[in-house]
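Chains W and G supply the protein sequences, listed in that same order. Converting from the first sequence to my numbering requires adding 21 to each position, the first position being numbered 1. Converting from the second sequence to my numbering requires adding 278 to each position, the first position being numbered 1. Yeah, the Cβ is synthetic: ideal placement off N, Cα and C, and Gly gets one too.
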Amino acid sequence: MKRGLAALLSGIVFSLGLCLSGMTHPSKVLGFLDFFGQWDPSLAFVMAGAVSVSAVAFRLSRRRAAPLFDDRFHLTRVDGKVDRRVFLGSAVFGVGWGLSGLCPGPAVTSLVTGRPAALVFVGAMIAGMLLVDVFERTAHGAVAEAGSDCS
Amino acid sequence: MTHGAAALIAPLLGGVLIGIAVAMLLLLDGHVAGISGIVAGLAGFRPGDVDWRLLFLAGLLGGGVVARVVSPTSFDGWTVSSLPLLALAGTLVGLGTRIAGGCTSGHGVCGVSRLSPRSIAATMTFMGVAAATVFCVRHGSTP
């Protein structure tokens, strides 16, 4: 109950932040990404504000064994591998972001407009995510089968 | 239109709010506020890990409704309106964030603030490639 409420409130504050900052204006985002044109640096301040508060939170989390409403933190490793995957995936994401000015948070939040453009973008985004999951399950399945002889 | 320093206050405050949301989800629930991961976890129907994701996304939409009422211009500036182009872009964003394991929030805000080398590499890559894409679209010569 308390955990659910915290997630709900966090979502609300997150999207208010996105809307106030200008991240839900794709044209503004594209202006920020246009380093060699009429560059609009204002969105760098979104990153600065978010990262500075979030850095304090992660620092605090390191001093605690568990979050307030759960028995453990659900975090990925902070020393995750800098591999081909992270470069390839981020490059593909970058092309999509640069074409549209939309990244996942603002795109999902924009669904409230009911615009076909937002629905199409988010629908396609989820399809892309599922495609990776399906591909990986198939690949892992094949690996598991091949490896089952050894067990 | 606002000019000068005033134009930077809203982005900065918006960013601080995003940071507060990250802090809440982390310190109360123990989760990372990475939107692509939260959506993908739901889309993949992983059992037992659904509730907090659904509630976070419900909050995201709820906040969007509030923002729209308070400031009707919150969702202006959709200059890219071609549906096929948006479908292509959306697909690339979905594929890419899933392969890289994060987007602007998970890698760009959370990972960078933890000084994770993987997230810093991701953020530099997607910012660089997005800027290059905008450059090609806006300033590239059309043959």
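By DSSP, does residue i sit in helix, in strand, or in coil?
| i | result |
| --- | --- |
| H417(G) | helix |
| H309(G) | strand |
In terms of residue numbering, what span does the alpha helix (DSSP H) encompassing residue i cover?
| i | result |
| --- | --- |
| T369(G) | L361 to A378 |
| S383(G) | Looking at the DSSP string, S383(G) is not in any alpha helix (DSSP H), and its letter there is neither H nor E. |
| P47(W) | P47 to L54 |
| M68(W) | A65 to R83 |
| C40(W) | K23 to S42 |
| P125(W) | P125 to T130 |
| G293(G) | A284 to M302 |
| R173(W) | What the structure shows of chain W is the stretch from 22 to 172, and residue 173(W) is not part of that stretch, so it cannot be assessed. |
| R392(G) | That residue, R392(G), is in no alpha helix (DSSP H); it is neither H nor E in DSSP. |
| G110(W) | R105 to S121 |
Which same chain residues, not among the five before or five after residue i, have their C-beta less than 7 Å away from its C-beta?
| i | result |
| --- | --- |
| G168(W) | Low confidence applies here, because G168(W) scores a pLDDT of 41, under 50, leaving its location unreliable and the question unanswered by this model. |
| W330(G) | D307 and H309 |
| C171(W) | Confidence at C171(W) is low in this model, with a pLDDT of 36, below 50, so the placement of that residue is unreliable and no value is reported for it. |
Please work out which residues of its chain come closer than 6 Å, Cβ to Cβ, to residue i, disregarding the five sequence neighbours upstream and downstream, and give them in chain order.
| i | result |
| --- | --- |
| A345(G) | S352 |
| S397(G) | H385, G389 and V390 |
| G126(W) | L39 |
Suppose the cutoff is 8 Å on Cβ atoms and the five residues either side in sequence are ignored; what does the same chain contact list for residue i look like?
| i | result |
| --- | --- |
| L364(G) | V358 |
Minimum length 4: unbroken alpha helix (DSSP H) runs contained in the stretch 313-341 of chain G:
313-321
So does the stretch 108-117 of chain W actually touch the stretch 39-53 of chain W, counting three or more Cβ pairs closer than 8 Å?
no
Should the stretch 115-127 of chain W be called in touch with the stretch 48-66 of chain W, which here means at least 3 C-beta pairs below 8 Å?
yes
For the pair the stretch 140-150 of chain W and the stretch 365-381 of chain G, tell me if three or more CB-CB distances fall below 8 Å.
yes
Does the stretch 64-78 of chain W come within contact of the stretch 334-344 of chain G, defined as at least 3 CB pairs closer than 8 Å?
no
Meets three-Cβ-pair contact criterion under 8 Å: the stretch 90-102 of chain W and the stretch 394-412 of chain G
yes
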